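Quick mapping for you: the protein sequence lines, in order, are chains A and B.
First residue of the first sequence? That's 41 in the numbering used here, and the numbers climb one at a time after it.
First residue of the second sequence? That's 4 in the numbering used here, and the numbers climb one at a time after it.
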Amino acid sequence: GESVGLHLPTLSVQEGDNSIINCAYSNSASDYFIWYKQESGKGPQFIIDIRSNMDKRQGQRVTVLLNKTVKHLSLQIAATQPGDSAVYFCAEEAAGNKLTFGGGTRVLVKP
Amino acid sequence: GAVVSQHPSWVICKSGTSVKIECRSLDFQATTMFWYRQFPKQSLMLMATSNEGSKATYEQGVEKDKFLINHASLTLSTLTVTSAHPEDSSFYICSARAENGRGELFFGEGSRLTVL
């Protein structure tokens with residue numbers, strides 16, 4: 041079936057630097073994309089979303105970029121902090137309102 | 004913001020017993036709730052879509068007689084793992100969407116099941 045995948049399983053970043061997490065999706069019918077953060081033993085926490093009629097959306101310290109031409113999604117975290125250490129998942133949604141999660145990227149922030 | 008509560012947050016049971024996990028939307032009504040399963044260091048896999056007042060829709064490969072889902076009200080869905088075995092040990096997470104929305108999906112904190 042259709043799937044959402046990530047390029048990098050683990051990302052180590054120096055505190056204060058910017059982080060970029062990438063995600064490839066394959067379902068061209070998906071029109072809604074979300075990034076989640078998951079800390080150990082907890083449920084996913086919504087970070088930011090974007091609909092397919094946009095190519096960029098900014099939040100507090102985070103930016104999501106959507107490139108529909110190459111089916112690519114990215115999450116940029118500015119000035120990464122120790123509290124940003126977690127696993128990040130992208131997810132896509134198409135008809136039927138079912139959310140499909142990518143494989144996840146672990147972000148490790150080095151002090 | 005909207006809150007989804009799961010209970011219990013963790014449970015240990017003997018092989019062969021059944022375990023019920025509750026998912027509640029605390030401050031909104033949820034027509035649709037979703038149940039996910041997550042193995043260690045893996046992503047969330049959708050198990051089923053729970054619709055209030057009707058039968059759940061299960062994903063391919065998920066045994067409906069093994070994982071019983073009930074969505075009796077707009078604020079409560081339950082997942083019962085019947086005749087649990089060690090391979091059912093996992094992190095089970097529910098999510099809920101507000102009644103009128105195709106908006107944000109709110110996730111519970113998860114329930115960790117360990118079957119001995």
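Where a beta carbon is used, it is the ideal one built from N, C-alpha and C, also for glycine.
All values reported here derive from a predicted model rather than from experimental measurement.
When Cβ-Cβ separations below 8 Å define contact, LYS82 of chain A makes contact with chain B.
Taking the Cβ atoms as the reference, ALA51 of chain B lies roughly 10 Å from HIS74 of chain B, outside the contact range of under 8 Å.
No residue range can be given for VAL65 of chain B, since it is assigned to no beta strand (DSSP E) and is classified by DSSP as neither H nor E. VAL7 of chain B places its beta carbon less than 8 Å from that of GLY111 of chain B. Sequence-distant partners of THR50 of chain A (beyond 5 residues in either direction) whose C-beta falls short of 6 Å from its own C-beta, in its chain, are ARG146. Beyond the five residues adjoining it in sequence on each side, ILE24 of chain B comes within less than 8 Å, by CB distance, of GLN9, HIS10, PRO11, VAL14, THR81, LEU82, THR83, VAL84, TYR95, CYS97, SER114, LEU116 in the same chain, given in chain order. Contact between GLN116 of chain A and ASN58 of chain A holds: their C-beta atoms lie close to 6 Å from each other, under 8 Å.
Excluding its 5 nearest sequence neighbours in each direction, LEU119 of chain B has C-beta neighbours in its own chain below 6 Å: LYS17, listed in chain order.
Ranked by Cα distance from LEU105 of chain A, the first of A:GLU55, A:ILE60, A:GLN54, A:ASP124 is A:ILE60. The beta carbon of GLN78 of chain A sits closer than 8 Å to those of PRO84, GLN85, ALA126, VAL127, TYR128, PHE129, GLY144, all from its chain and outside the five residues before and after it, given in chain order. Contact annotation: SER46 of chain B and GLY123 of chain A have beta-carbon atoms that are not nearer than 8 Å. With contacts defined by Cβ atoms closer than 8 Å, ILE74 of chain A and ASP95 of chain A do not form a contacting pair. For the region 71-102 of chain B, the residues whose beta carbon sits under 9 Å from a beta carbon of chain A are, in order, PHE94, ILE96, CYS97, SER98, ARG100.
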